[in-house]
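Under the working numbering, the first residue of the sequence shown carries the number 17, and numbering increases by one thereafter.
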Amino acid sequence: MAQKRGFFRGAFDALIEARQKQVRSYVNGALLMLDDETLRAHGYNRDELKRSRSVSHMF
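Pasting the structure below:
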């Protein structure tokens, strides 16, 4: 039987998830300042970074 999560646990989990999205968007923006060769050398793709950065957030 699954145990019901409490209000504060749910609020905390939502806060963590929102913050992770915000940080991911910030880091992707910083990575987009690098040239394509450097991105490729470290396993990133500019198009994927642009797509995942398009997450809107409040701050």
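Note that beta-carbon positions come from the ideal geometry of N, C-alpha and C, so glycine has one too.
Predicted model only: the values in this text are computed from it and were never measured.
Helix, strand or coil at residue i according to DSSP, with G and I counted as helix
i   : result
N47 : Reading the sequence as shown, one finds Leu at residue 47 and not Asn. L47: helix per DSSP, three-state reduction.
L65 : helix
G26 : helix
R21 : coil
Y42 : helix
Residue of the options minimising C-alpha distance to residue i
i   : options               : result
R67 : A27, S41, H58 and I32 : S41
Hey, is the stretch 59-70 in contact with the stretch 32-47, meaning 3+ C-beta pairs nearer than 8 Å? yes
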